[in-house]
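A.B. asks: One structure, pasted below without further comment.
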Amino acid sequence: GMVTQIKTDGAYISPFGFVEGFRIGDFVYESDQGMSIPVGPNLLGRVVDPFMKPIDGKGAIDTTEYMPIMRAPIDAMKRGLINEPFSVGIKTIDGLLTCGKGQKLGIFAGSGVGKSTLMGMIVKNTLAPIKVVALIGERGREVPEFIEKNLGGDLEGTVIIVATSDDSSLMRKYGAFCAMSVAEYFKQQGNDVLFIMDSVTRFAMAQREIGLALGEPPTSKGYPPSSLTLLPQLMERAGKEEGKGSITAFFTVLVEGDDMSDPIADQSRSILDGHIVLSRELTDFGIYPPINIQNSASRVMGDVIGKEHKLNAMKFKRLYSLLKENEVLLRIGAYQKGSDKELDLAISKKEFMENFLKQSSEEAFALEEVEELLDKINQ
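Quick note: the sequence shown uses my numbering, first residue 14, plus one each step.
As structure tokens, then:
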């Protein structure tokens with residue numbers, strides 16, 4: 014367990030697991046290790062719980078080093094500039110929402126829109142040598158499903174940290190911090206690490222359970238203040254550090270009823286360097302991954318791509334937005350060709366743009382391929 018509150022009448026301890034058989038008078042002893050986890054290269058290819066105990070049935074993991082679970086984020090003046098692209102092998106992201114090494118992004122989506130499929134594509138297609146996946150508060154059924162279906166069973170260079178919905182709120186909360194500590198260990202070896210977590214919402218809900226049990230006042234949607242202050246403590250640990258490697262992080266955020274004003278979604282957007290919004294409407298039109306490029310943004314895109322790529326991406330977004338604005342007119346046949354030259358161009362590029370946004374989960378594209386494809390917007 015862990016001391017979660019100290020009052021004049023004593024210390025309050027929350028257990029990490031489900032406990033029974035305690036009675037008044039039992040002794041409580043402090044751990045001599047503190048809040049730390051064993052780490053090492055042998056974690057790669059394994060599925061573990063937040064304390065690095067294997068849950069994949071492949072035997073014990075030999076580790077000799079330890080990392081603290083709670084660490085201060087990278088000092089502001091020691092952060093490296095984000096000036097290199099980070100390819101994830103997905104046309105829409107690499108072409109129109111290009112990420113940089115050390116960037117923090119959010120994937121915002123309602124339930125059943127395709128978050129897990131997109132996560133699997135990012136993990137499979139990225140060129141990053143180390144991938145740390147945190148599955149926090151999800152259904153137990155989804156863990157083997159994600160590994161076999163979305164990752165194809167390939168865990169090379171990957172560590173998966175799991176704290177399912179039936180785990181205690183403390184395990185779900187610290188599962189995210191433990192996963193980030195694993196990513197930091199590999200970053201310190203000079204690696205470019207992909208960190209992907211599903212989901213921030215379940216993580217915040219775990220802190221909501223802890224906070225309300227300790228008597229914190231509920232605020233918006235029942236979240237106590239500590240749920241919101243916890244997000245930057247986790248998210249700001251990702252990034253690029255001078256003289257070391259980088260952690261490029263993707264955090265999924267569940268938006269109930271596609272409500273982007275949800276307090277967790279709102280707070281996450283304010284901390285992250287970009288957001289990828291998945292649209293239920295696009296799934297109805299058969300566009301997968303259903304990334305809404307009009308509502309999505311990468312704040313560092315301009316710093317990591319060339320001038321030509323930037324101009325092509327701007328032109329693509331402009332023409333796509335024109336199509337969306339005039340969709341009703343086009344459907345009812347009220348638009349006369351020749352009335353608007355730019356809209357005529359957008360209509361002629363409609364099929365190309367829709368095909369660019371579509372990609373099967375088995376496909377992967379190099380950044381150079383994406384740039385060549387995007388250049389066809391000018392042809």
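In this text, a Cβ means the ideal position worked out from N, Cα and C, and glycines have one as well.
#1: So the alpha helix (DSSP H) residue 144 belongs to, where does it begin and stop?
#2: Within 8 Å, do at least three Cβ pairs link the region 110-123 to the region 305-313?
#3: Could you tell me whether the region 179-193 touches the region 144-163, where touching means 3 or more Cβ pairs closer than 8 Å?
#4: Using CA coordinates, which residue listed in 258, 176, 358 and 241 is at the minimum distance from residue 210?
#5: Taking the C-alpha atoms as reference points, what is the distance between residue 231 and residue 241?
#6: Spell out the partners DSSP gives residue 20 in its beta bridges.
#7: Tell me whether residue 98 sits in a helix, a strand or coil according to DSSP, three-state version.
#8: Report the three-state DSSP secondary structure of residue 172 (helix, strand or coil).
#9: Determine the extent of the beta strand (DSSP E) in which residue 263 is found, giving its start and end residues.
#10: In whole angstroms, give me the CA-to-CA distance for residue 332 and residue 374.
#11: Report yes or no: do three or more beta-carbon pairs, one from the region 121-134 and one from the region 255-270, lie closer than 8 Å?
#12: Bridge partners for residue 287 per DSSP, in chain order?
#13: Please state whether the Cβ-Cβ distance between residue 336 and residue 363 is less than 8 Å.
#14: Measure the C-alpha to C-alpha separation of residue 237 and residue 78 and round it to an integer number of angstroms.
#15: Could you tell me the boundaries of the beta strand (DSSP E) in which residue 85 lies?
#16: Could you pull the DSSP bridge partners for residue 350 from this structure?
C.D. replies: On the basis of the supplied data:
#1: Taken as a continuous stretch (DSSP letters only), residue 144 belongs to no alpha helix (DSSP H), being part of the beta strand (DSSP E) at 143-149.
#2: Contact between the region 305-313 and the region 110-123 is present, because at least three Cβ pairs lie under 8 Å.
#3: Counting C-beta pairs closer than 8 Å gives three or more between the region 179-193 and the region 144-163, which meets the contact rule.
#4: 176
#5: 11 Å
#6: 23
#7: If DSSP states are grouped into helix, strand and coil, residue 98 belongs with the strands.
#8: strand
#9: Bounds of the beta strand (DSSP E) holding residue 263 are 259-267.
#10: 26 Å
#11: yes
#12: 311
#13: With respect to the 8 Å criterion, residue 336 and residue 363 are classified as neighbours on the basis of their beta carbons.
#14: 35 Å
#15: That residue, residue 85, is in no beta strand (DSSP E); it is neither H nor E in DSSP.
#16: DSSP lists no partner for residue 350.
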